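Colleague:
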Amino acid sequence: MDRQMILSRGSEMGVRGLQGFVGSTCPHVCTAVNFKELAEQHRSQHPGCTPTVVVDAMCCLRYWYTPESWVCGGQWREYFAALRDFVQAFTTVGIKLVFFFDGMVEQGKRAVWVRRRLKNNREIARIFHYIKSHREQPGRNMFFIPSGLAIFTRFALKTLGQETLCSLQEADYEVATYGLQNNCLGILGEDTDYLIYDTCPYFSISELCLDSLDTVMLCRERLCESLELSLADLPVLACLLGNDTVPEGMFESFRFQCLSSYTSMKENADKRGNVILAVADHIAKVLRLHQGEKKLEEMLPLGQNKALFYKGVASYLLPGQTSPWIFQKPKGVTTLGKQIVSMSTDPEFEPESLVCTHPESKEETPLCTHPETEQEDPMNMEPEMKQQVTMVSDTEILKVARAQHVQAESYLVYGVMSSGEIECSNTLEDALDQALPSQAFVYRPMRQRVYSLLLGAGGDGASSGPVIREWFVHSGNPLRHPDLVRPLPMHVPGGTPSLKVLWLSQEPGVEARRMDTLLACLDLSASREELQAVESPFQALCCLLTYLFVQVDTLCLEDLHAFIAQALCLQGKSAGQLMDLQLEHVDSRAVQLGSLLVRGLSMLVLVNSACGFPWSNSDFMPWNVFDGKLFHEKYLQSEKGCPAEVLVEQNRSRLTRFHDLKSIVCKACMREDRRIVSRQHWRPHHPGRWEKPGSSSHRTNSGHSRSGRGQHWRAQGPGSRQREPDRWRRHSPSSG
Numbered sequence: 001m002d003r004q005m006i007l008s009r010g011s012e013m014g015v016r017g018l019q020g021f022v023g024s025t026c027p028h029v030c031t032a033v034n035f036k037e038l039a040e041q042h043r044s045q046h047p048g049c050t051p052t053v054v055v056d057a058m059c060c061l062r063y064w065y066t067p068e069s070w071v072c073g074g075q076w077r078e079y080f081a082a083l084r085d086f087v088q089a090f091t092t093v094g095i096k097l098v099f100f101f102d103g104m105v106e107q108g109k110r111a112v113w114v115r116r117r118l119k120n121n122r123e124i125a126r127i128f129h130y131i132k133s134h135r136e137q138p139g140r141n142m143f144f145i146p147s148g149l150a151i152f153t154r155f156a157l158k159t160l161g162q163e164t165l166c167s168l169q170e171a172d173y174e175v176a177t178y179g180l181q182n183n184c185l186g187i188l189g190e191d192t193d194y195l196i197y198d199t200c201p202y203f204s205i206s207e208l209c210l211d212s213l214d215t216v217m218l219c220r221e222r223l224c225e226s227l228e229l230s231l232a233d234l235p236v237l238a239c240l241l242g243n244d245t246v247p248e249g250m251f252e253s254f255r256f257q258c259l260s261s262y263t264s265m266k267e268n269a270d271k272r273g274n275v276i277l278a279v280a281d282h283i284a285k286v287l288r289l290h291q292g293e294k295k296l297e298e299m300l301p302l303g304q305n306k307a308l309f310y311k312g313v314a315s316y317l318l319p320g321q322t323s324p325w326i327f328q329k330p331k332g333v334t335t336l337g338k339q340i341v342s343m344s345t346d347p348e349f350e351p352e353s354l355v356c357t358h359p360e361s362k363e364e365t366p367l368c369t370h371p372e373t374e375q376e377d378p379m380n381m382e383p384e385m386k387q388q389v390t391m392v393s394d395t396e397i398l399k400v401a402r403a404q405h406v407q408a409e410s411y412l413v414y415g416v417m418s419s420g421e422i423e424c425s426n427t428l429e430d431a432l433d434q435a436l437p438s439q440a441f442v443y444r445p446m447r448q449r450v451y452s453l454l455l456g457a458g459g460d461g462a463s464s465g466p467v468i469r470e471w472f473v474h475s476g477n478p479l480r481h482p483d484l485v486r487p488l489p490m491h492v493p494g495g496t497p498s499l500k501v502l503w504l505s506q507e508p509g510v511e512a513r514r515m516d517t518l519l520a521c522l523d524l525s526a527s528r529e530e531l532q533a534v535e536s537p538f539q540a541l542c543c544l545l546t547y548l549f550v551q552v553d554t555l556c557l558e559d560l561h562a563f564i565a566q567a568l569c570l571q572g573k574s575a576g577q578l579m580d581l582q583l584e585h586v587d588s589r590a591v592q593l594g595s596l597l598v599r600g601l602s603m604l605v606l607v608n609s610a611c612g613f614p615w616s617n618s619d620f621m622p623w624n625v626f627d628g629k630l631f632h633e634k635y636l637q638s639e640k641g642c643p644a645e646v647l648v649e650q651n652r653s654r655l656t657r658f659h660d661l662k663s664i665v666c667k668a669c670m671r672e673d674r675r676i677v678s679r680q681h682w683r684p685h686h687p688g689r690w691e692k693p694g695s696s697s698h699r700t701n702s703g704h705s706r707s708g709r710g711q712h713w714r715a716q717g718p719g720s721r722q723r724e725p726d727r728w729r730r731h732s733p734s735s736g
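Heads up, the sequence shown is in UniProt numbering, so the first residue is 1 and it goes up one at a time.
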C-alpha cells in the first residue's frame, strides 16, 4: 500500500507538510491496527468501559460519500445507506462512536477558511467547464462533496441513533479534549493536528477498510523518536512549520536558515521533509539548551508575530495541560468555547506561566458580554481584547440555543444569536451562468426574516438595528469582508410570538403559532390553508418550491414538473434502484438546480429550528424528498416534453398526486403575482439562457420593480439595502 499517496490525498489539514513527511520519510510512524482487536484489548484493560472512538466528522465526509454520482445534487438514499453500514460495522464489534462537527469558524482561522473557499471556487469552475464540454460527470479526481453534505450528515447520524455533537469552536480541539477526558479508544479523522495534541491515539479514516476494520494508527510517540523531540515540543514544531493559526509563510526564512545549517540530510526525504527534520533538529539541539533560561522570542525571530505564535502553541494545550515553552502572567482571559487560555492584553507581555483550564460547571455564565479577540491581520496578530456584546441578552433563550447547537439539533441559530456571524461554504454553481442567481441571494430574504425573529428586530425595515455578518460563498465575492445583512420585517397573522413562546411554551395552540411563524419566514402566509393541507413529506417541499419559484423568474413549468415528479417517484425506490439509474447525459443547468434545492432544504433546517420545530426533521431530509440522479432524469425527460404520465412512471396514484401538488404550488405562486409558464412560451436570450420578455432572473416578492438583465449578481454589493425592505434586485448596466 502506498502510504505517501494515501496520506497526501486532498487538501492538507493541520500542520503544513507533516502528512506527506510521515508517509515518505517516517513510515514507521504509521502502524497497521485492527479496531476489533483494539476494542477487545480496551475491554480487558478497562472492565465495564465501552470502547469509544471519537470521530472528526468533517474530515470523514469525502470518505463516507461513496455513491458514484456526486454532481447532480447528491445521492442521499445511497449515502444514508453507506452511513448506516459505517455505524453498523463499529457497533457490531461493540465500539461506540461519538461524532463531532465544526460549529463555528474562529476569527483567527477565518483567513484559512477564505483561502480554502476561493480554492474550491476554482475547482468548481473546472467541474462546470468539464460538464459543458463532455456532458458527463468528471472523474473522481475532480470530486467535490455535494452541497449541504455536512449539515445533513449530522441529522442522518442522529436518525441512526448516534451521539452527534456540534463544536463551539474548531472541532479538532473539542475532539482531542473529548478523547482525552473520556479515555477513548482513539480519534478517527484525517488531520495532522491530532499528531500534535497530547491526547488518545489517532487513526486514519483514509486507510480504514470497513469490512475488516483494519486501519493505520499514526503514533505521535514514534514521531517524537524520529525527530528526537518530546511531546511538549510538538506544538512549537507545528507553529514553526505553519498550521491553521500561524501562516506557513511567516517563518519561511527561519526554516531556510535551519535547513542551511542542517548537516544530517536524509536521502529518502524530499526538500520539505528535510526542512521538517532541520527545524526539529534546531528545537532539540538549540532551543532546548536554553529552555527555562531564555524566552522563545529571544531564541526565535518572532518579532511582531510573538502573540500569534504563543497563541498557536497554546491552542494545542488541552484542559489541565501546561507547556514548558510558554510562561505568562495571568493578566487576562480569552474564552474559546469550552477552553480558557490565560492571555495578556499587553502586547509586550512577560511570558511567565500559562495553564489551559476547563470549566467543569454546568451553569452557563451570562452571555450578554464576553471578551473576544478582534479579527487580526494575519501578519500582525497582536491580540486586541474588547468586550463583545452578544446579539441577544436573554440568557435563558441563549442557553436553549446553545444546547440545541451543541446537540446538533439546529443550524446557524446560535451563531446569529451569539456572535451575529454565520457562514456557508461552496455550492456547485456555474459562475458563468447569469440566468440562475446564487443560492446565497435566493435564500437571503428567508434568512433575513429569521434574523428578525431571533433578534426581535427589523419590524420597520429601517437601516438602524442589528447587522448580521454573512460569509456566504458566491460568484464574484472575494470574501475580503462579510456581507452586512439586516433583518426584514415579519408578518405573522396575530403578531410575531416571542422566542420563549415558540421554544418553551406547552400551551394549547402553540403548534399552530409555530407553523404560522414558519410560513411567515417564507412569506407564504397567504397560502397557509392549502400548504398545511399537504401531507408529509411533501408539505415542506411544496413550501420550498413555492418560495423558490417566487424568488427566481428563470424557473419554468418544466423545472417544477421535474422537482415534483422525482419526489413522488423517490418514495417507491430503494438505494439499490437509485444506484442502478443511468443518465443519458449530464446538463449543467440541472446540476445547479439540484444544488439550489438542497441548499433550500438546509435553509428549512434554520427556519424550522428558529420557529420551535413545527415540522419533524424527517419532513425535509433530502433522502426523503430528493435524489440527484432521479431529479436529473426527470429534468431531461421534462425538457424533451414528456407528459406527466411518463414523468411519474405510469403510476396512476402518483399522477393524481402530481397534479395536486403542482396545482398547490402554482396557485400559491399566483398569489404572489408569479405565473409559472412553460419554457415553450419563452424566447431565447442567449445560448443556455431563456427569459420572458421584460423579466429578470430574480423575482421580488410582489412582482414589482423588476430589474434589467445580465448584470452580475454581485452588483447589489455586500449587504446593500434595497428600497423596499423585503426585496433585493440586480441593476442593469444602464440603470447603474
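Here a beta-carbon is modelled for each residue, glycine too, at the ideal position from N, C-alpha and C. Since the structure is predicted, the reported quantities are computational estimates derived from the model, not experimental observations.
Give me the Cα-Cα distance between LEU544 and PRO437, rounded to the nearest whole angstrom.
Modeller: So the two alpha carbons sit approximately 16 Å from each other.
Colleague: Which word fits GLY20, buried or exposed, when buried means at least 16 other C-beta atoms lie within 10 angstroms of its C-beta?
Modeller: Under this definition GLY20 is a buried residue.
Colleague: Note down, in chain order, each residue of its chain lying with its Cβ closer than 7 Å to the Cβ of ARG671, except the 5 sequence neighbours on either side.
Modeller: Contacts found: ALA526 and SER527.
Colleague: Provide the residue(s) that pair with TYR202 in DSSP beta bridges, ordered along the chain.
Modeller: Answer by DSSP bridge pairing, in chain order: ILE187 and LEU218.
Colleague: The beta strand (DSSP E) spanning residue 795 covers which residue range?
Modeller: There is no way to answer for residue 795, as the model of the chain reaches only from 1 to 736.
Colleague: Please work out which residues of its chain come closer than 6 Å, Cβ to Cβ, to GLU163, disregarding the five sequence neighbours upstream and downstream, and give them in chain order.
Modeller: Around GLU163: VAL98.
Colleague: Mind reading off the beta-carbon distance from ILE664 to LEU531? Whole number of angstroms is fine, and I expect it under 8 Å.
Modeller: The pair is a contact, with the Cβ atoms about 7 Å apart (cut-off 8 Å).
Colleague: Suppose the cutoff is 7 Å on Cβ atoms and the five residues either side in sequence are ignored; what does the same chain contact list for GLU78 look like?
Modeller: Excluding residues within five positions, the ones whose Cβ falls inside 7 Å are PRO67, ALA575, LEU578 and MET579.
Colleague: Report the partner residues of LYS295 according to the DSSP bridge assignment.
Modeller: LYS295 pairs with nothing; no bridge assigned.
Colleague: Between the region 85-96 and the region 605-612, can you find at least three pairs of beta-carbon atoms closer than 8 Å?
Modeller: The region 605-612, when compared against the region 85-96, does not touch it at the 8 Å Cβ threshold.
Colleague: Count the C-beta pairs between the region 430-450 and the region 510-524 that are closer than 8 Å, then say yes if the count reaches three, no if not.
Modeller: Taking 8 Å as the limit for Cβ pairs, the verdict is that the region 510-524 does touch the region 430-450.
Colleague: Is DSSP giving THR192 helix, strand or coil here?
Modeller: In this structure, THR192 counts as coil in the three-state DSSP scheme.
Colleague: In the DSSP output, what is GLU163 paired with across the bridge?
Modeller: In the DSSP output, where bridge partners are listed per residue, GLU163 has VAL98.
Colleague: Taking contact to mean 3 or more Cβ pairs, one atom from each stretch, closer than 8 Å, check whether the region 38-58 and the region 220-230 are in contact.
Modeller: No, they do not touch.
Colleague: What number of angstroms, rounded off, separates the C-alpha of PHE549 from the C-alpha of SER536?
Modeller: Their Cα atoms are separated by approximately 20 Å.
Colleague: Could you give the distance in angstroms between the alpha-carbon of CYS166 and the alpha-carbon of LEU149?
Modeller: Cα to Cα, CYS166 sits roughly 15 Å from LEU149.
Colleague: Taking the alpha-carbon positions, what's the LEU157 to ASP394 distance?
Modeller: Going from the Cα of LEU157 to the Cα of ASP394 covers about 31 Å.
Colleague: Quick check on ASN243: buried or exposed, where buried means 16 or more other Cβ atoms within 10 Å of its Cβ?
Modeller: Buried, because 16 or more other Cβ atoms sit within 10 Å of the Cβ of ASN243.
Colleague: Would you be able to state if there are at least three C-beta pairs under 8 Å between the region 190-208 and the region 130-148?
Modeller: Result no; under three Cβ-Cβ pairs closer than 8 Å.
Colleague: If I'm right that LEU234 touches ARG255 with Cβ under 8 Å, what's the distance once you round it to whole angstroms?
Modeller: Incorrect: roughly 16 Å between the Cβ atoms, too far for contact.
Colleague: Return the first residue and the last residue of the alpha helix (DSSP H) that residue 739 is part of.
Modeller: The structure shown does not extend to residue 739, since the chain is modelled only from 1 to 736, so the question has no answer here.
Colleague: With respect to the alpha helix (DSSP H) encompassing ILE326, which residues constitute its N-terminal and C-terminal limits?
Modeller: Taken as a continuous stretch (DSSP letters only), ILE326 belongs to no alpha helix (DSSP H), as it is neither H nor E.
Colleague: Whether or not the region 500-512 and the region 474-489 are in contact is what I'm after, with contact meaning three or more pairs of Cβ atoms, one per stretch, closer than 8 Å; do they touch?
Modeller: Verdict: no, contact absent.
Colleague: Could you give the distance in angstroms between the alpha-carbon of LEU604 and the alpha-carbon of GLY161?
Modeller: Rounded to the nearest angstrom, the two C-alpha atoms are 22 Å apart.
Colleague: Determine the contact status of LEU317 and THR199, defining contact as a CB-CB distance below 9 Å.
Modeller: Against a cut-off of 9 Å, the Cβ pair of THR199 and LEU317 comes out as no contact.
Colleague: In the DSSP output, which residue or residues are listed as bridge partners for THR52?
Modeller: LYS96, per the DSSP bridge assignment.
Colleague: Three-state secondary structure (DSSP) at GLU423?
Modeller: Three-state result, GLU423: strand.
Colleague: Please state the DSSP three-state secondary structure of ARG16.
Modeller: Correct three-state label for ARG16: coil.
Colleague: Which residue marks the beginning of the alpha helix (DSSP H) containing ALA314, and which one marks its end?
Modeller: Where ALA314 is concerned, the enclosing alpha helix (DSSP H) stretches over 306-314.
Colleague: Report yes if the C-beta distance between PHE152 and TRP76 is below 9 Å; otherwise report no.
Modeller: The answer is yes: Cβ separation under 9 Å.
Colleague: For the 8 Å Cβ check, are there 3 or more pairs between the region 214-228 and the region 23-42?
Modeller: Yes, since at least three Cβ pairs between the region 214-228 and the region 23-42 fall closer than 8 Å, the two stretches touch.
Colleague: Using the rule of at least 16 other Cβ atoms within 10 Å of the residue's Cβ for burial, across every protein chain shown, is SER678 buried or exposed?
Modeller: The residue is exposed, with fewer than 16 neighbouring Cβ atoms inside 10 Å.
Colleague: Which two residues bound the contiguous alpha helix (DSSP H) that contains ALA644?
Modeller: It spans 644-647 - the alpha helix (DSSP H) in which ALA644 sits, taken as one unbroken run.
Colleague: Is it buried or exposed, SER253, if we count other Cβ atoms within 10 angstroms and call 16 or more buried?
Modeller: So SER253 ends up on the exposed side.
Colleague: What span of residues does the beta strand (DSSP E) with CYS30 cover, start to end?
Modeller: Where CYS30 is concerned, the enclosing beta strand (DSSP E) stretches over 30-34.
Colleague: On the DSSP bridge assignment, give the partners of VAL485 in chain order.
Modeller: Beta-bridge pairing links VAL485 to ILE468.
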